[in-house]
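Working notes for the structure below.
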Amino acid sequence: MTTTPVEPEREEGLQAAFDATIARGDRVEPRDWMPDAYRRTLVRQIAQHAHSEIIGMQPEGAWIGRAPSLRRKAILLAKVQDEAGHGLYLYSACETLGVSRAELTELLLAGRQKYSSIFNYPTPSYADVGTIGWLVDGAAICNQVPLCRTSYGPYGRAMIRVCKEESFHQRQGYELLMTMMRGTGEQRAMVQESVDRFWWPSLMMFGPPDADSPNSARSMAWGIKRNSNDELRQRFVDMTVPQAEALGVTLPDPDLRWNEERGHYDFGEPDWDELAAVIRGDGPCNAQRLEHRRAAHEDGAWVREAALAFADRSASADGTAPADRSVPADRSARAGAR
Ligand SMILES: [Fe+2]
Ligand SMILES: [Fe+2]
């Protein structure tokens, strides 16, 4: 995961070339020299993003078997499957930085890498499927659209495709909620109750306030991040309030009102202690999410082994070298599964 050591004078030249690439707004590509700290920051961010996509399948996936109609089941299946695809694009982007998907998975399972805190909240109601699409995928879009222009090429390119699919996710969530809001009083109450639970955790998806986010400035200087946490949170609120009005739901914030002077909505302060607790591992579903992921990984061991054996057999039939055992199983497995 580190770059090959180079002479100090040469490193200066490489650093200058890297700085110039960032200053021009060009992409940094996998074979380009990059500072170790830039690489480490990217690995941490892309891995956390990939883990979020995969863990994020759980809260909604739990509803696939209980969807109220075939149409809703087909939509939900497609959505959850998209999230698995997003995880794979992002693990692949991370692998171009010299760290394998198998290693990243180990770090997640050992609790040494994080995923988005939002997925540590439960989904006790079917309306949560709609609310997650509308608010959680909506917040993800606000966070991710600027990442399409991020300075690291493979990450930016993965995000372009991810964002197109996220926009489908957001619309399907909104459409589901709109359908329920046109239904019975009980259905409308389900939507309101779900929105009440998910509103504040959705605002927390943008991370702590800028003043408490010390690494943000460096990520912005490197062109990894394009907007601050608070800017993106404001953008999300401005986008969502008119949608809530059209839907006919109340957002649970007494301080929410249009500010003519600023040209933005004012809103209340999320409970940052709650965010810190969820990040620490004390959210309502942290243990359950990791346990489920760990069990799924163990249950899938035979698939990885079989794919590796198949890759070895295909390689010896071709007369090429067998799969390199130093390559983590996941990478060989994918090559063998083509
Ligand atoms: Fe996604
Ligand atoms: Fe999504």
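Residue numbers (the UniProt record's numbering): 1 to 338.
Virtual Cβ for every residue (Gly too), placed ideally from N, Cα, C.
Original post:
Between Asp137 and ligand 2, is the CB less than 7 Å from at least one heavy atom?
Top reply: Along the sequence shown, read from residue 1 onward, the residue named residue 137 stands at position 137. Yes - ligand 2 has a heavy atom lying nearer than 7 Å to the Cβ of Asp137.
**OP:** Could you work out which residue in Trp33, Gln144 and Leu290 is closest to Leu97 when comparing CA atoms only?
**Re:** As a first step, residue 97 must be located in the sequence shown, where it is residue number 97. Among Trp33, Gln144 and Leu290, the Cα nearest to that of Leu97 is on Trp33.
Subject >> Straight-line gap, Gln192 to Val241 (C-alpha atoms, nearest Å) >> reply: Residue 192 sits at position 192 when you count from the first residue of the sequence shown. Residue 241 sits at position 241 when you count from the first residue of the sequence shown. Here the C-alpha atom of Gln192 lies approximately 14 Å from the C-alpha atom of Val241.
**OP:** Note down, in chain order, each residue of its chain lying with its Cβ closer than 6 Å to the Cβ of Ile75, except the 5 sequence neighbours on either side.
**Re:** Looking up residue 75 in the sequence shown gives position 75. Answer for Ile75: Gln172, listed in chain order.
Subject >> Where Trp199 falls: helix, strand or coil (DSSP) >> reply: Walking along the sequence shown from the start, residue 199 turns up at place 199. Reduced to three states, the DSSP call for Trp199 is helix.
Original post:
When the Cβ atoms of the segment 150-161 are set against those of the segment 236-253, are three or more pairs found closer than 8 Å?
Top reply: The segment 150-161 is not in contact with the segment 236-253.
**OP:** For Cys163, I'd like the list of residues in its chain whose CB is within less than 7 Å of its CB, leaving aside the five on either flank, ordered along the chain.
**Re:** On the sequence shown, residue 163 is found 163 positions in, with the first residue counted as 1. Excluding residues up to 5 positions away in sequence, Ile141, Gln144, Val145 and Cys148 lie with their Cβ nearer than 7 Å to the Cβ of Cys163 in the same chain.
Original post:
So does the segment 116-123 actually touch the segment 222-242, counting three or more Cβ pairs closer than 8 Å?
Top reply: Output reads no: the segment 222-242 does not touch the segment 116-123.
**OP:** Alpha carbon to alpha carbon, how far is Glu186 from Met178? Give it in angstroms, no decimals.
**Re:** For the purposes of this step, residue 178 is taken as the residue at position 178 of the sequence shown. For the purposes of this step, residue 186 is taken as the residue at position 186 of the sequence shown. If you take the alpha carbons of Met178 and Glu186, they lie about 14 Å apart.
Subject >> Reduced DSSP category for Val43 - H, G, I as helix; E, B as strand; rest coil >> reply: Translated into positions along the sequence shown, residue 43 becomes position 43. Helix at Val43.
**OP:** Consult DSSP for Asp266 and reduce its assignment to one of helix, strand or coil.
**Re:** As a working mapping, residue 266 is identified with position 266 in the sequence shown. Of the three classes helix, strand and coil, the one that applies to Asp266 here is strand, per DSSP.
**OP:** Look up Trp258 in the DSSP assignment and give the residues it is bridged to.
**Re:** Start at 1 with the first residue of the sequence shown, and residue 258 comes out as number 258. DSSP links Trp258 through a beta bridge to Tyr265.
Subject >> Other residues of its chain near Gln15: CB distance less than 6 Å, five sequence neighbours each side excluded >> reply: Here residue 15 refers to the residue found at position 15 when the sequence shown is read from its first residue. Hits under 6 Å: none found.
Original post:
Do Ala93 and ligand 1 come close, with the Cβ less than 7 Å from some heavy atom?
Top reply: The sequence position of residue 93 within the sequence shown is 93, counting from 1. Every heavy atom of ligand 1 is 7 Å or more from the Cβ of Ala93, so no.
Original post:
What number of angstroms, rounded off, separates the C-alpha of His51 from the C-alpha of Tyr115?
Top reply: If you number the sequence shown from 1, residue 51 lands on position 51. If you number the sequence shown from 1, residue 115 lands on position 115. Rounded to whole angstroms, His51 to Tyr115 spans 5 Å at the Cα level.
Original post:
Is the segment 78-92 touching the segment 48-62 in the sense that three or more CB pairs, one from each, lie closer than 8 Å?
Top reply: The segment 48-62 and the segment 78-92 touch, with no fewer than 3 CB-CB distances between them shorter than 8 Å.
Original post:
Which whole-angstrom value describes the C-beta separation of Ile64 and Arg293, a residue pair presumed to lie in contact below a C-beta threshold of 8 Å?
Top reply: As a first step, residue 64 is located in the sequence shown; it is residue number 64 there, counting from the start. As a first step, residue 293 is located in the sequence shown; it is residue number 293 there, counting from the start. Incorrect: roughly 17 Å between the Cβ atoms, too far for contact.
**OP:** With a 10 Å radius around its C-beta and 16 neighbouring C-beta atoms as the bar for buried, classify Trp272 as buried or exposed.
**Re:** Walking along the sequence shown from the start, residue 272 turns up at place 272. It is exposed - the Cβ of Trp272 has fewer than 16 other Cβ atoms within 10 Å.
Original post:
Which runs of the alpha helix (DSSP H), 4 residues or longer, sit entirely within the segment 216-242?
Top reply: Qualifying alpha helix (DSSP H) stretches, in chain order: 216-221.
Subject >> Glu103, enclosing alpha helix (DSSP H) - first and last residue >> reply: On the sequence shown, residue 103 is found 103 positions in, with the first residue counted as 1. Arg101 to Leu109 is the span of the alpha helix (DSSP H), which, as asked, contains Glu103.
Subject >> In chain order, each alpha helix (DSSP H) run of at least 4 residues that lies wholly inside the segment 283-327 >> reply: Fully enclosed alpha helix (DSSP H) runs of 4 or longer: 286-299 and 301-318.
Subject >> C-alpha gap between Glu175 and Met190, whole angstroms >> reply: In the sequence shown, the residue the question calls residue 175 occupies position 175. In the sequence shown, the residue the question calls residue 190 occupies position 190. Rounded to the nearest angstrom, the two C-alpha atoms are 15 Å apart.
Original post:
With respect to 7 Å, is the separation between the Cβ of Ala140 and the closest non-hydrogen atom of ligand 2 below this value?
Top reply: To locate residue 140, count along the sequence shown from 1; it is residue 140. Checking the Cβ of Ala140 against ligand 2 gives yes.
**OP:** Leaving out five residues on either side along the sequence, give the residues of the same chain with a beta carbon under 6 Å from the beta carbon of Gly153.
**Re:** As a first step, residue 153 is located in the sequence shown; it is residue number 153 there, counting from the start. Taken in chain order, the residues that qualify are Arg27 and Glu29.
**OP:** Scan the segment 141-201 and note each continuous alpha helix (DSSP H) run of 4 residues or more that stays entirely inside, going in chain order.
**Re:** Counting only runs of 4 or more residues that sit fully inside the segment 141-201, the alpha helix (DSSP H) segments are 153-181, in chain order.
Original post:
For Val28, which three-state DSSP category applies?
Top reply: Numbered from 1 along the sequence shown, position 28 holds the residue referred to as residue 28. In the structure shown, Val28 sits in a strand (DSSP, three-state: E or B).
Original post:
Quick one, what's near ligand 4 if you take every residue whose CB is closer than 6 Å to any heavy atom, in chain order?
Top reply: Looking for ligand 4 in the displayed structure turns up nothing; the ligands present are ligand 1 and ligand 2.
Original post:
Around the Cβ of Ser316, are there at least 16 other Cβ atoms within 10 angstroms (buried) or fewer (exposed)?
Top reply: The sequence position of residue 316 within the sequence shown is 316, counting from 1. Flag for Ser316 reads exposed.
**OP:** Return helix, strand or coil for Leu251, following the three-state DSSP convention.
**Re:** Your numbering for residue 251 matches position 251 in the sequence shown. Leu251 falls in the coil class under three-state DSSP.
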